[in-house]
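Be aware that the sequence shown starts at 1, since it is given in full-length UniProt numbering, and climbs by one per residue.
Presented below is the structure to which this report refers.
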Amino acid sequence: MAVWVGIDLDGTLLDHPYWHLHLSPWLTRTARRHGLDRTALWQRLQAESRRRWRAGDWLGAMDWAAMAAGLGLHLPDPGRPPAGAVSRLVMPGADRLLLHWTARGLRLVLVSNGLWRNQRPYLEALGWLEVFAGVVTPDRTGVAKPDPRAFAAAGRPLAWHLGDQLYQDVLGARRAGVPAMQILHLVQDAPLDPLAPQRVAPDLTVEDLEQARVLGLLLVARAGAVRRLRVPCP
Numbered sequence: 001m002a003v004w005v006g007i008d009l010d011g012t013l014l015d016h017p018y019w020h021l022h023l024s025p026w027l028t029r030t031a032r033r034h035g036l037d038r039t040a041l042w043q044r045l046q047a048e049s050r051r052r053w054r055a056g057d058w059l060g061a062m063d064w065a066a067m068a069a070g071l072g073l074h075l076p077d078p079g080r081p082p083a084g085a086v087s088r089l090v091m092p093g094a095d096r097l098l099l100h101w102t103a104r105g106l107r108l109v110l111v112s113n114g115l116w117r118n119q120r121p122y123l124e125a126l127g128w129l130e131v132f133a134g135v136v137t138p139d140r141t142g143v144a145k146p147d148p149r150a151f152a153a154a155g156r157p158l159a160w161h162l163g164d165q166l167y168q169d170v171l172g173a174r175r176a177g178v179p180a181m182q183i184l185h186l187v188q189d190a191p192l193d194p195l196a197p198q199r200v201a202p203d204l205t206v207e208d209l210e211q212a213r214v215l216g217l218l219l220v221a222r223a224g225a226v227r228r229l230r231v232p233c234p
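Pasting the structure below:
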């Protein structure tokens, strides 16, 4: 019987390629072209994103092109970049984790809050599209983490979910009854969910993707116990 696993993208497998390769350069060009302050422009977009998020408009909160249009600015969708540009943003150990987990029969579902049109070009550049048996993003499902429906949208019970964010990955997985494995390398604890406690404990913590890889292989070796696993966060 296949073991299905949720996995986050930005901050977990990749270091935010949409930001580094598309949105940040666009901010610089646009600010220069229109005589705007780059920092102030970014702050306005962030403020609008937070407003939409708190209003429950999760899809709109991730749609940077729509928010830019609200300011009278055009933000195009990203094209497919050179593989080398994206490979520099691959988190250490990500390739090995994906290779070993899929080789052991794990079925990986990408559960990301980034819009698919803003994620797909980077996965295509890396040749990662075929790695994922399923993709869950706000523009495909209408929901975003930490809404538990984002995990239900995987269509299969998830043995665990690997991500870096407390308020998105850990809280969302716990709400969905999915064991949460949190990688600690780029944790940003932000109070975007008004229903979230100050902190929510993951079931498991790992320091890097190598630890996650090994732990995942151990878990799949005892797949019958994975769904019952509850290890308190130290």
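Backbone N, C-alpha and C fix where the C-beta goes; we use that ideal spot for every residue, glycine too.
Every value quoted in this text rests on a predicted model; they were computed, and no experiment measured them.
*By Cβ distance, which residues of its chain are closer than 6 Å to V3, with the 5 residues on each side in sequence left out?*
L106, A159, V220, A223
*Are P76 and P121 touching if we call contact CB-CB under 8 Å?*
no
*Could you spell out where the beta strand (DSSP E) holding residue 299 opens and where it closes?*
For residue 299 there is no data in the structure shown, the boundaries of the chain being 1 and 234.
*Could you spell out where the alpha helix (DSSP H) holding T12 opens and where it closes?*
No alpha helix (DSSP H) holds T12; DSSP gives it neither H nor E.
*Quick one: what does DSSP say M62 is sitting in, helix, strand or coil?*
helix
*N-terminal and C-terminal residue of the alpha helix (DSSP H) that Q43 is part of*: 38-54
*Hey, which unbroken runs of the alpha helix (DSSP H) at 4 residues or more fall wholly within the segment 66-97?*
83-87
*When the distance is taken between beta carbons, is L162 closer than 8 Å to D10?*
no
*Going by beta carbon distance, what residues of the same chain come within less than 6 Å of R156, once the five residues before and after it are set aside?*
W4
_Starting from R160, trace the beta strand (DSSP E) in both directions and tell me its first and last residue._
Correcting the residue identity first, residue 160 is Trp in this sequence and not Arg. Start and end: 160-163.
*Grouping DSSP H, G and I as helix and E and B as strand, with all else coil, what is R156?*
coil
*Since T137 is in the alpha helix (DSSP H), which residue starts that stretch and which ends it?*
From DSSP, T137 is part of no alpha helix (DSSP H); its letter is neither H nor E.
_To the nearest angstrom, how far is the alpha carbon of L21 from that of L14?_
12 Å
_Three or more C-beta pairs under 8 Å: does that hold for the segment 118-132 against the segment 81-93?_
yes
*Under 8 Å, do L23 and T30 count as touching if we go by C-beta distance?*
no
_Distance between A85 and W101 (C-alpha atoms, nearest Å)_ = 25 Å
_Would A150 and A144 be called neighbours here (beta carbons separated by less than 8 Å)?_
yes
*So does the segment 50-61 actually touch the segment 134-144, counting three or more Cβ pairs closer than 8 Å?*
yes
*Rounded to a whole number of angstroms, what is the C-alpha to C-alpha distance between D193 and Q46?*
Any reading at D193 must be qualified, since the residue scores a pLDDT of 49, below 50, and its modelled position is unreliable; the value itself is stated next. Roughly 15 Å separates the two Cα atoms.
_C-alpha distance - V200 paired with L166, whole-angstrom precision_ = 7 Å
*For A133, collect the residues of the same chain with a Cβ closer than 7 Å to its Cβ; drop the 5 residues on either side in sequence, then sort them by chain order.*
R107, L108, V109
*State the DSSP-derived secondary structure class of A180, mapped to helix, strand or coil.*
strand
*Could you name the residues that DSSP lists as bridge partners for R107?*
W4
*Whose C-alpha, out of V131, W42, H16, R33, is nearest the C-alpha of V90?*
H16
*asked:* Using the Cβ count rule (16 or more neighbours within 10 Å means buried), how would you classify L99?
replied: exposed
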